[in-house]
Amino acid sequence: MTRWLDVEVGTDDIDLITLPSNLALVDLQNDNEFKLVVGDLGRGEEGPKLKVFKGAMQISDTILPDLPLGVVGFSINESMPRSVPLIAVAYSSCVYMYRNLKIFYKYYLPSSELNMCEIEVWKQLTNPSYHNIESLQSLTDSLGAIPHKLLSPQSQNLLDLTPDQQLEYLENITDVPSKKNAEIVCITTLKLHSIEREKSVCILKRDWPEGRILFNTDEHIIAVEVVTADNSVMVICADNTLACYSKKGKKQWCLTLEHRPVAMTLVPVLHLGVTLTAVALATGHVHLYDGKARRDTIFVRDLVSVMKFGQLGQEEHVLIIVTGGGNLMLKILKRTADFSAHAAGVQLSPHAAGGQRPWLIPKKSKLFLEQSVRERENAVSMHQTFQHELNRLRLLAAKTLLEAHVKSDNSIGIGPMDSLRLTAEVEGLGPVFRVTLIIENTSKEKAVIGLAILFHVHTINYKVSNPYIKVPLLSPGGKLKFPTKIEEVFDDQINPDVLFRPVTGQGGERSLVKVLLVKEGKTTPILAATVQMPPTDPMMLPFDKMQAAAGLESNEDSNWFTKT
Amino acid sequence: MGLLDKLSVWLGRGKAEVTVLVLGLDNSGKSTLLNALRAPEQRVAHTTPTVAQQQEHFQSGGVSFSAWDVSGAPRHRALWERHYRRAHAVIFVVDSADHLRLVVAREEMELLLAHPDMFGRRVPLLIFANKSDAAHALAPMQVAAALCLERITDKPWHICASCALSGAGIADGVTWLARQLRDGLVPTQHT
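Taken in sequence, the protein lines are chains A and B. The letter at position 448 of the first sequence is residue 448 when you use full-length UniProt numbering, and the numbering goes up by one with no holes. The letter at position 8 of the second sequence is residue 8 when you use full-length UniProt numbering, and the numbering goes up by one with no holes.
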């Protein structure tokens, strides 16, 4: 299923010949309706024009004075409400700014002075007495001795001519080159607020001495795009490859395309969090890659000349394609489009991993190295420590299991009785406590009959008012409460530790009361719960026994003294 | 109107409101259209882009409508389907001057018609070819062709040109909708 919606564009009068840099998407009227601004190079006798499209409809046509090399839309300031954006059109050595499609500002690049030798040569060249083949030969030789890149375009042109043409050229010449104009190669905008990144993708030409050469490619480069997310550089080359370089110029991966690539653009889809690379091939296909993986293929039936992706009109995701025949194609990304690997159903192509770094193994960190050294030096002790810890863990597990077995604690029934729940609440300060047992039947269909509660306590410690309670029928979803009195029993010889139980918080084995839920005809209890009784408040202890204990204590003490 | 009112009371839904879903892309004029249906003194001068949804009530042809105006922004369109179940009718607003996004409107309408909560239900579908006063606005028949309305077989549909700013054409469409709801089956109540 396609992910793109085709917009019907009237093909009759749209005839565009342009460069990738001559397409701009600008909110021209500040109405959040983005227009497509195209610097058209013109065809035949028709001169270059600046064309503005609203959707697929051309709404304006401005004649340009020269061939446009780049078109950029920008706004002067970021203040709100926004001012009307300007359009800058770059020509060979000047930039024209348009506001409301009217020329508003012209800027000529500063020119540099010519080489002194070149000026001398030109003085002689313009002198008619030198206009013969021999003297011309020596003069052009001296011109050729000057480095080619320092020469003015006029000198460069002259050197390219045959001697006869040179003579004819010099006969007709009127003005002498005195200045060298800088040539614009590309144009882009720098936002004032943005952090300026080093966009030194200076792969202008292999023998270009200026700029930092980031990387060299084996073949001619067809298009370059910089991915803003990680500053990697995508390059398509004439040897049918799509390559990705890091911002430091290191080749990260490279994949072979099925056919010759002709155009490339980035397709950032923000709501999906991906930036795809659209590569148009000479076969009329446009492939979309997410990294190395191909996610989608569009067949456009025509040779693509220029592609651009961005907001047009009010639609955010529009792929604009200008074909070799001058047609304009608009493709809108569907809202429901998904470019995940699963949705695309495309595996990595077999050549994708060809020869390049197949594994991304992180560098050995200092931490890792230190750890490995430690392991080598103290291998025995590390092993022993590990075994020791392992045994401790096993012991802990065994202890816990034993404890669970001893208490045989299960407050939630299993098997056919799994719908029963038993909970207990203890209230009171002591020595008489009120223990409320709550039996709940969570089943939605079944009632339970023939249940009974049995208290299992040590009679030395606790006295239960009714240790055996018969439970009546428990309806589905029903809940029954059984309050019972449990009294803590103190023998005549009260242990002084009892007084400190609230402080130490330890009642020990003594304070455990086991509650069993039994059913008629069953030999094992259905449920068992252990209730940890709170310690009796020392103020509530029976006074006489306290005194007895105190007396005993003093007696013991005296005995002890007498013994020594 | 008296007879119709009696008729609707007799049909058992005199008091009941019919839920109408107002859908369409962002900036197609949904809120402005509903604004035009209000009483003149209740109208607001400027509509702002709707976020989420807002509810409107109006009456026409003896039917009392409760209209849900749902945001048409791309990120909110996924929420449309939450309203499909309770909708008794759908008003789809199209900006007939926005040639570029007619395909987007068609795509959204196809998604709407193919949704399980909508497919096969006899829900009247009223399409407003809005902004008919704008320059380069397409005629309603051209909009209908662009939206491939002739393919809709399971629902009664009607398209009419409208201008939500002046209110022209809206009454015609709503009258058609009211007639459809009145003449058609009693709206199935979805709980």
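Heads up, the beta-carbon is just placed ideally off N, CA and C, and yes, glycines get one too. Quantities reported herein were computed from a predicted structural model and do not represent experimental measurements.
First and last residue of the uninterrupted beta strand (DSSP E) at residue i
i: A161 (chain B); result: 157-161
i: E17 (chain B); result: Element bounds for E17 (chain B): n/a, residue is neither H nor E.
i: T459 (chain A); result: Neither: T459 (chain A) is in no beta strand (DSSP E) and is coded neither H nor E.
i: M234 (chain A); result: 233-237
i: A223 (chain A); result: 221-226
i: F128 (chain B); result: 125-130
i: G120 (chain B); result: No beta strand (DSSP E) contains G120 (chain B), which DSSP labels as neither H nor E.
i: G478 (chain A); result: Segment: none, G478 (chain A) is in no beta strand (DSSP E) and carries neither H nor E.
i: D61 (chain A); result: 57-63
i: L23 (chain A); result: 23-26
i: I14 (chain A); result: Looking at the DSSP string, I14 (chain A) is not in any beta strand (DSSP E), and its letter there is neither H nor E.
i: G73 (chain A); result: 70-74
i: L149 (chain B); result: Neither: L149 (chain B) is in no beta strand (DSSP E) and is coded neither H nor E.
Paired residues, beta bridge with residue i - DSSP
i: M97 (chain A); result: A:A88, A:Y105
i: P261 (chain A); result: A:L281
i: T297 (chain A); result: A:H287
i: C244 (chain A); result: A:M234, A:W253
i: I146 (chain A); result: Paired residues: none, contrary to the question.
i: E316 (chain A); result: Note: E316 (chain A) sits in no beta bridge, so no partner.
i: Y275 (chain A); result: For the record, residue 275 (chain A) in the displayed sequence is Thr; it is not Tyr. Per DSSP, A:P268.
i: E488 (chain A); result: A:Y462
i: R434 (chain A); result: A:E427, A:K485
i: F386 (chain A); result: Answer is none; F386 (chain A) lacks a bridge partner.
i: V94 (chain B); result: B:A129
i: D40 (chain A); result: A:K49
i: K35 (chain A); result: A:V26
i: I449 (chain A); result: Note: I449 (chain A) sits in no beta bridge, so no partner.
Interface residues of chain A facing residue i [CB-CB closer than 9 Å]
i: L100 (chain B); result: V7, K54, G55, A56, M57, L312, G313, Q314, E315, V318, L330, I332
i: R122 (chain B); result: Those do not exist, as R122 (chain B) stays about 26 Å from chain A at its closest Cβ, beyond 9 Å.
i: P140 (chain B); result: What P140 (chain B) touches in chain A: nothing, since even the nearest Cβ is about 18 Å away.
Alpha helix (DSSP H) segment containing residue i, residue limits
i: F368 (chain A); result: 366-377
i: L181 (chain B); result: 170-183
i: A337 (chain A); result: Per DSSP, A337 (chain A) belongs to no alpha helix (DSSP H) and is neither H nor E.
i: N35 (chain B); result: 30-37
i: Q142 (chain B); result: 140-146
i: R103 (chain B); result: Here the sequence assigns Val to residue 103 (chain B), which means Arg is not the residue at that position. Looking at the DSSP string, the run of the alpha helix (DSSP H) that includes V103 (chain B) is 102-114.
Contacts of residue i in chain A (Cβ-Cβ under 7 Å)
i: N27 (chain B); result: Q314
i: P49 (chain B); result: Under the 7 Å cutoff, chain A gives no residues; its nearest Cβ is about 10 Å from P49 (chain B).
i: residue 201 (chain B); result: For chain B, the structure presents residues 1 to 191; residue 201 (chain B) sits outside this window and is missing.
i: V104 (chain B); result: L5, E315, I332
is_contact[residue i, chain E] using C-beta, thresh 8 Å
i: H271 (chain A); result: Considering every chain present, this structure includes no chain E. Its protein chains are A and B.
7 Å Cβ cut-off: residues of chain B touching residue i
i: residue 574 (chain A); result: Residue 574 (chain A) is absent from the structure shown; chain A starts at 1 and stops at 564.
Interface partners of residue i on chain A, CB under 8 Å
i: H136 (chain B); result: M57
Residue i CB to nearest heavy atom of the ligand FAD below 7 Å
i: K519 (chain A); result: In the structure shown, the ligand FAD is absent, as is every other ligand, since no ligand is present at all.
*Start-end ranges of the alpha helix (DSSP H) lying completely within the segment 44-89 of chain B, minimum 4 residues*: none
_Any contact between the segment 93-100 of chain B and the segment 304-311 of chain A? By contact I mean 3 or more CB pairs, one from each, below 8 Å._
no
*Can you give, in chain order, each stretch of the beta strand (DSSP E) that sits fully within the segment 505-540 of chain A and has at least 3 residues?*
512-519, 527-532
*Kindly confirm or deny that the segment 148-159 of chain B and the segment 108-124 of chain B touch, where touching means at least three C-beta pairs closer than 8 Å.*
yes
_the segment 103-113 of chain B touching the segment 130-142 of chain B, judged by at least three CB pairs closer than 8 Å_ = no
*asked:* Three Cβ pairs or more, each shorter than 8 Å: is that satisfied between the segment 248-261 of chain A and the segment 298-306 of chain A?
replied: no
_Whether or not the segment 506-525 of chain A and the segment 386-403 of chain A are in contact is what I'm after, with contact meaning three or more pairs of Cβ atoms, one per stretch, closer than 8 Å; do they touch?_
no
*Does the segment 436-454 of chain A come within contact of the segment 477-484 of chain A, defined as at least 3 CB pairs closer than 8 Å?*
yes
*Are three or more beta carbon pairs between the segment 22-36 of chain B and the segment 61-78 of chain B nearer than 8 Å?*
yes
_the segment 89-96 of chain A / the segment 51-60 of chain A touching (three or more Cβ pairs under 8 Å)_ = no
_Under 8 Å: do the segment 31-45 of chain B and the segment 74-89 of chain B share three or more Cβ pairs, one atom per stretch?_
no
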